[in-house]
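Enquirer: First the structure, then my questions, so here it is.
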Amino acid sequence: MKTGYLQFHPELGNPAKNIEKIKYLLKDKEFDLMVLPELANTGYLFNTKEELIKLSEKAGEGNFYDSLFEIAKTKNAYIVSGFAESDGEKIYNSAMLVSPEGIKGIYRKTHLFYEEKKLFTPGNYGLKTFSISTENETIKIGIMICFDWAFPEAARTLALQGSQIICHPSNLVMPYCQKAMFARAVENRVFVITANRYGTDVSGDKSISFTGGSVLLDCSGNYLASAPIDKDEVFIAGINPGDALNKFINPNNNLFEDRKEEFYYN
Ligand code: ACM
C-alpha cells in the first residue's frame, strides 16, 4: 500500500488558497492513503469563535470537503485531513476520512491544547477505527489529532481496536512528538503517520510557530521519513500494513496478550 503525508504551511484564514496548495502538491502523486495536517483548511491561530466559525465546514459539506473528495476520486485513494468542523453553534477540531465514494468518517479531537479550549468543543465521538479497502487489501486505520499524542491511551485504544496505521494530522508547537511517536509505534506495533505543518501564524499581537518534521514510522519503529522543519514535503512509502497485525516482539512476548489490565489505573 502506498501511503504518506503532506506537510505544508496553511495560510491563516484562507481555505481557498490552502486547497489550491494541496491540489498542487498532490497533482503528480500516486497513493492509496494520504494524511494532511490538522486544521488544513483554516490555519490555527484564531482569537475568537466568530472568526473561525465563518471558515468552518459541516462534516461532508463545503468547498474544502468537495475538493478533497475530487482528489480522492481522481486518485482512487483515501485522504485524512484536519479541518475546522461546525455543528450548529459548536466548532470541533476534526479530521475527515474521505474515500473515492465520499465521506467515510469523522474524528473530533479529544484532547484540546492550550487556547484551543476557548474555541473548540472537545470531541464527543471517542477514538475511532475505520476500514479502508484498496484493490489488494482491506485494512484498519485510526485517527488522532496532534496533542492526542501526549495521552498514550489514545494510540493504545486505536491499536486495541485493530488500527494498523495511526493517521495523525498535527499542528505541533512543541518538539517532542516526532520522537514520542517512536514509542507509540513500537509499544503498539502500528504504523504511524504524523502529518505536521510548518510556518508561523500571526494574528494581531499574537503569533505561534509550528515545528514541521512530519514523520512516517513502520511498526518496528523505523523512521521511513522525517520531513524538514520548514518546507513543503509530500512523502509516500510502500508499506505492508499486515505487519502490524503481528503483535509478537519475540516468540514469548505478545504486546497485547501480555497486558495486565488488572494492575492498570483506570
Ligand atoms: C496541538 O495540539 N495542535 C499542539
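When the letters of the sequence shown are read in order and numbered with the numbering used here, they come out as residues 6 to 271.
The C-beta atom is built at its ideal place from N, Cα and C for all residues, glycine as well.
This one's a predicted model, so the numbers in the text were calculated from it and none came from an experiment.
(1) Exposed or buried, G217, counting other C-beta atoms within 10 Å across all chains shown (16 or more means buried)?
(2) In the DSSP assignment, the beta strand (DSSP E) including V4 goes from what residue to what residue?
(3) According to DSSP, is P42 part of a helix, a strand, or is it coil?
(4) Between the Cα of R194 and the Cα atoms of V207, R161 and E16, which residue gives the shortest distance?
(5) Do you know how far the Cα of Y203 is from the Cα of K236?
(6) V103 lies in the beta strand (DSSP E); which residues open and close that run?
(7) Which value, in whole angstroms, describes the spacing of the CA atoms of I170 and N201?
(8) When the Cα atoms are used, what is the spatial distance from L11 to I84?
(9) The ligand ACM and V178: does the residue's C-beta get closer than 7 Å to at least one heavy atom of that ligand?
(10) Going by the beta-carbon positions, is the gap between M101 and F88 smaller than 8 Å?
(11) Going by C-alpha distance, which of G48, N227, F240 and K63 is nearest G110?
(12) Could you pull out every residue in the same chain whose Cβ sits closer than 7 Å to the Cβ of T139, ignoring the five residues on either side in sequence?
(13) CB S168 to CB T134, shorter than 8 Å?
(14) Return the residue from the list E121, P20, G147 and L165 that minimises the CA-CA distance to H173.
(15) Is E262 near the ligand NAD, in the sense that its beta carbon is under 7 Å from a heavy atom of that ligand?
(16) Measure the C-alpha to C-alpha separation of N288 and L44 and round it to an integer number of angstroms.
(17) According to DSSP, which residues form a beta bridge with A190?
(18) Please report how far the alpha carbon of F13 lies from the alpha carbon of F196, in whole angstroms.
(19) What span of residues does the alpha helix (DSSP H) with R161 cover, start to end?
(20) Can you round the beta-carbon distance between T8 and I244 to whole angstroms, since I take them to be within the 8 Å contact cut?
(21) Assuming V220 and M179 form a contact by the criterion Cβ under 8 Å, report the distance between their Cβ atoms to the nearest whole angstrom.
(22) What are the partner residues of N258, as DSSP defines its beta bridges?
(23) Leaving out five residues before and five after K78 in sequence, what residues of the same chain have Cβ atoms less than 6 Å from its Cβ?
(24) Which value, in whole angstroms, describes the spacing of the CA atoms of E121 and V191?
Expert: According to the structure shown:
(1) It counts as buried.
(2) The structure shown does not extend to residue 4, since the chain spans only 6 to 271, so no value can be given for it.
(3) Taken through DSSP and simplified to helix, strand or coil, P42 comes out as coil.
(4) Nearest option by C-alpha distance: R161.
(5) Inter-residue distance for K236 and Y203 is about 7 Å (C-alpha atoms, whole angstroms).
(6) Residues K95 to S104.
(7) Counting only the Cα atoms, N201 lies some 16 Å from I170.
(8) Using only the alpha carbons, I get a separation of about 10 Å.
(9) At least one heavy atom of the ligand ACM is nearer than 7 Å to the Cβ of V178, so yes.
(10) Contact flag set, yes.
(11) It is K63.
(12) Cβ neighbours of T139 beyond the five flanking positions: M6 and D37.
(13) Contact: yes.
(14) Each of E121, P20, G147 and L165 was checked against the Cα of H173, and the nearest Cα belongs to G147.
(15) You won't find the ligand NAD in this model; what it holds is the ligand ACM.
(16) No statement about residue 288 is possible, as the shown extent of the chain runs from 6 to 271 and does not include it.
(17) Answer is none; A190 lacks a bridge partner.
(18) Whole-angstrom Cα-Cα distance: 21 Å.
(19) Counting along the chain, the alpha helix (DSSP H) containing R161 begins and ends at P157 to Q166.
(20) About 6 Å; that satisfies the 8 Å criterion.
(21) Under the criterion of beta carbons closer than 8 Å, V220 and M179 do not qualify as touching, at roughly 14 Å.
(22) Note: N258 sits in a beta bridge opposite N255.
(23) These residues qualify, in order along the chain: P105.
(24) Near 30 Å, if we compare the C-alpha coordinates of V191 and E121.
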